[in-house]
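**Student:** In our numbering, the protein residues as written are 1119 to 1364. Have a look at the structure that comes next, please.
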Amino acid sequence: NMTDTGRSEGRQRLQKFIAASGITSRRKAEELIKAGRISVDGRVVTEMGCKIDPRRQMVALDGMLITVDETSLIYVLLNKPVGYVTTLADPQGRPVVTELLTTIHQRVFPVGRLDLDSEGALLLTNDGALAHKVMHPRYQTTKTYQVMVSGHPGRKRLAQLRQGIVLDNRKTAPASITMVRQTIDHTVFKVIIHEGRKRQIKRMFAAIDHRVIALTRLAYGKLGLGSLGSGAYRILQPSEITKIFL
1119 NMTDTGRSEG RQRLQKFIAA SGITSRRKAE ELIKAGRISV DGRVVTEMGC
1169 KIDPRRQMVA LDGMLITVDE TSLIYVLLNK PVGYVTTLAD PQGRPVVTEL
1219 LTTIHQRVFP VGRLDLDSEG ALLLTNDGAL AHKVMHPRYQ TTKTYQVMVS
1269 GHPGRKRLAQ LRQGIVLDNR KTAPASITMV RQTIDHTVFK VIIHEGRKRQ
1319 IKRMFAAIDH RVIALTRLAY GKLGLGSLGS GAYRILQPSE ITKIFL
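What follows is the structure, given as structure tokens:
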């Protein structure tokens, strides 16, 4: 049908795209695919004939983004609203974060995720090396969140979260958790973690029987939202990038 042909125009074989990025030859690219080291939109791809659309999909080698045109690196800080997904395309047709970047013409990727119902600071860039550094546990980049949970978690339960609890057979790294305020049926905390497992904060509080009602990322390192309103974004200056690692 028509839509398929329109869609396939911008598509190319995965190994060709990897080779075009300059990181390796096409033959070596095929070996990387076979070895399970290449992922597309977070899913490992091992079949050769796979076609991708580089404008809409994220290709990574060992978790590090591969981009073909890195001549003009750009770093964007977005205050993601609730109701947007942090992928480049959504099969369910939900709004994607890049739709908000109306004046950005380069292809950028979200660094880390924020769930559909979460909001706040989201970094987008075409700098694969920086994205890798922000996401990789080795660099221990902190992320600060404001988290509203149901009820009033007890001191012992919070101590468990601060020290680390087991999720998926692996203990979470120590977390900083500070109470901000309490209402009759909710508690708001400031949580600082340097891991980025999927839905980690929600699962941490679920593990101590307190549901997360609202979650806002306030900062990557010392790079905070400042006065950015919901849905607004700004291009970061190179000097600001260093704040991410403070």
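Positions of the beta carbon are idealized from the N, C-alpha and C atoms, including for glycine.
Whose C-beta lies closer than 6 Å to the C-beta of E1148 among residues of the same chain, with five residues either side of it excluded?
**Tutor:** As a first step, residue 1148 is located in the sequence shown; it is residue number 30 there, counting from the start. Cβ within range, chain order: Q1133.
**Student:** Under 9 Å between the Cβ atoms of H1304 and G1344?
**Tutor:** Here residue 1304 is taken as the residue at index 186 of the sequence shown, counted from 1. Here residue 1344 is taken as the residue at index 226 of the sequence shown, counted from 1. No, these two residues do not count as a Cβ contact at 9 Å.
**Student:** Starting from H1304, follow the alpha helix (DSSP H) in both directions and report where the run begins and ends.
**Tutor:** In the sequence shown, residue 1304 corresponds to position 186, counting from 1. H1304 -> not in any alpha helix (DSSP H); beta strand (DSSP E) instead, spanning H1304 to I1311.
**Student:** Tell me, to the nearest whole angstrom, how far the beta carbon of A1291 is from that of I1311; I am working on the premise that it is less than 8 Å.
**Tutor:** In the sequence shown, residue 1291 corresponds to position 173, counting from 1. In the sequence shown, residue 1311 corresponds to position 193, counting from 1. That pair is a contact at about 7 Å.
**Student:** Whole alpha helix (DSSP H) runs in the region 1175-1253 with 4 or more residues, listed along the chain?
**Tutor:** Counting only runs of 4 or more, we get 1246-1253.
**Student:** Look at the alpha carbon of D1235 and the alpha carbon of K1169, and state the distance between them as a whole number of angstroms.
**Tutor:** Residue 1235 sits at position 117 when you count from the first residue of the sequence shown. Residue 1169 sits at position 51 when you count from the first residue of the sequence shown. Answer to the nearest angstrom: the Cα atoms are 31 Å apart.
**Student:** As a quick exercise: from I1184, R1173, T1185 and Q1278, pick the residue whose alpha carbon is nearest that of D1327.
**Tutor:** Translated into the one-based positions of the sequence shown, residue 1327 becomes position 209. Among I1184, R1173, T1185 and Q1278, the Cα nearest to that of D1327 is on Q1278.
**Student:** Would you tell me roughly how many angstroms separate the C-alpha atoms of A1239 and G1140, rounded to the nearest one?
**Tutor:** For the purposes of this step, residue 1239 is taken as residue 121 along the sequence shown, with counting starting at 1. For the purposes of this step, residue 1140 is taken as residue 22 along the sequence shown, with counting starting at 1. Those two C-alpha atoms are separated by around 31 Å.
**Student:** Under 8 Å Cβ to Cβ from G1124, same chain only, skipping five residues before and after it: list those, please.
**Tutor:** The residue given as residue 1124 occupies position 6 in the sequence shown. In this predicted model, G1124 has a pLDDT of only 42, less than 50, meaning its place in the structure is not dependable; the value taken from the coordinates is given anyway. None.
**Student:** By the three-class DSSP mapping on this structure, what secondary structure does N1119 have?
**Tutor:** In the sequence shown, counting from the first residue as 1, residue 1119 sits at position 1. Residue confidence for N1119 is low, a pLDDT of 34 falling below 50, so the modelled location carries little weight and cannot support an answer.
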